[in-house]
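For reference, the structure discussed in these notes is given below.
Numbering (our numbering), first residue to last: 32 to 150.
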């Protein structure tokens, strides 16, 4: 049976989660200008360059949405840590393998439930 989360592991997972949250914040600050509206100024930016800028803006916005979703998942993991629900599958209630939590501390499903929900 895979090893499972124990309360003694909580500080390590809190640190992992907080480190990733800080990294997401740093990335969000660094890409704020990429998400800004593209100016309609045909004198300074040609049509193709403007299209490239708009595509870059759309990519930056999509990346920002993914970072926001990840931030929410990590914050929910912190909440589960605080309430003692961390490490248990939200579908079946069985423990989530510690290796899975090491890879993704925001994981909410054991491997069996994740595979069942994916297929």
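Glycine residues also receive a C-beta, built at the ideal position from the N, C-alpha and C atoms.
What you are looking at is a predicted structure, and each value in this text was computed from that prediction instead of being measured.
- Residue 47 is a Cβ neighbour of residue 136, given a cutoff of 8 Å.
- Distance from the CA of residue 105 to the CA of residue 134, rounded to the nearest whole angstrom, comes to 13 Å.
- Residue 115 sits exposed, since fewer than 16 C-beta atoms from the chains shown fall within 10 Å of its C-beta.
- Residue nearest to residue 100 within the set 52, 40, 42 is 52 (criterion: CA-CA distance).
- Taking the Cα positions, residue 147 is about 13 Å away from residue 121.
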